[in-house]
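Encoded as structure tokens, the structure appears first; notes follow it.
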Amino acid sequence: MRILAVGAHPDDLEILCAGTLAKYRARGDDVIMCHVANGDKGHFVIPPEELTRLRAQEAREAAAVIGAVCVAMDFLDVELYDTPDARERFIDMVRAARPDVVITHHPDDYHTDHQLASSLTIDATFSATVPHIKTAHAPLVKLPVVYLMDTLAGLNFQPTDYVDITDTLPHKVAMLSKHSSQLNWLQEHDNYNALDALETMAKFRGYQCGVKYAEGFIRYRVWGRNQPGYFLP
Ligand SMILES: [Zn+2]
10 MRILAVGAHP
20 DDLEILCAGT
30 LAKYRARGDD
40 VIMCHVANGD
50 KGHFVIPPEE
60 LTRLRAQEAR
70 EAAAVIGAVC
80 VAMDFLDVEL
90 YDTPDARERF
100 IDMVRAARPD
110 VVITHHPDDY
120 HTDHQLASSL
130 TIDATFSATV
140 PHIKTAHAPL
150 VKLPVVYLMD
160 TLAGLNFQPT
170 DYVDITDTLP
180 HKVAMLSKHS
190 SQLNWLQEHD
200 NYNALDALET
210 MAKFRGYQCG
220 VKYAEGFIRY
230 RVWGRNQPGY
240 FLP
């Protein structure tokens, strides 16, 4: 299968679903990790242009840990809007990935970039199948299955599905550790120890489903999206 994961910023996928992405890769699936915004504002000291380059490098190194493809949409932090241009770019991003499964943010996650990345991605998975919408890449022939990944700290999120990531937790830790600029920023700006939170959340979701470490997901179930089968690894 081809798996497209769309996170708002470089590091979101690592925090919220990287154990599952590692598991997809381990069984031979193709994984595309797309970050929508380039992370240019996520630091107290490093100026935006330099930070953009640094975070692109961090994202590539994190994806390389599991042999995933890294895709950058290069929107600016907190300057993502629902515009015709943004919609077209999301549709083309989805078409280029040709996914069977799409993972993205929950629409009620904490940050407007996360919320918009969610709604633009979900809408794009439908529009990508519509031939009269023209973009650089060819339309999809079928609707992908969509899963919503956990929210930051699990707030307002009740999983419908769990993935046992006990075996891939080390990959998840290694991937997030590549984002060293963010480990400092999140601590200083948000009082959030990202590596500690990663393990705490994995343990918390693990307790909910009877394994040591887990990630939680909600399957996006509306008309047309109830394809029979189970699509998580
Ligand atoms: Zn984010």
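Numbered by the numbering used here, the letters in the sequence shown go through residues 10 to 242 in order.
We put the CB at the ideal spot given by N, CA and C, even for glycine.
Item                                                                                   : Value
8 Å contact criterion, which L89 and A137 should meet: CB distance rounded             : No, L89 and A137 are not in contact; Cβ-Cβ is about 19 Å, not under 8 Å.
Whole-angstrom distance between H44 and M82, CA atom to CA atom                        : 6 Å
Strand pairing of E224, partner residues [DSSP]                                        : V172
Beta-carbon spacing of V111, L13 below 7 Å                                             : yes
Rounded Cβ spacing between T113 and M158 (contact assumed at less than 8 Å)            : 7 Å
D94: first and last residue of the uninterrupted alpha helix (DSSP H) it sits in       : P93 to A106
Contact under 7 Å by Cβ, G28 with I227                                                 : no
Assigned exposure category for L164 - 16 Cβ within 10 Å defines buried                 : exposed
Below-7 Å beta-carbon distance, E88 vs any chain D residue                             : Absent here is chain D; the protein component of the structure consists of one chain.
Which listed residue (D39, R62 and D205) has its alpha carbon closest to that of Q162  : Here the sequence assigns Ala to residue 162, which means Gln is not the residue at that position. Closest option to A162, Cα to Cα, is D205.
C-alpha distance - Y156 paired with L60, whole-angstrom precision                      : 30 Å
Closer than 6 Å: D21 CB and nearest ligand 3 heavy atom                                : Ligands in the displayed structure: ligand 1; ligand 3 is not one of them.
L30 versus P56 - alpha carbon distance                                                 : 31 Å
Member of M42, R64 and Q217 whose CA lies at the smallest distance from the CA of W194 : R64
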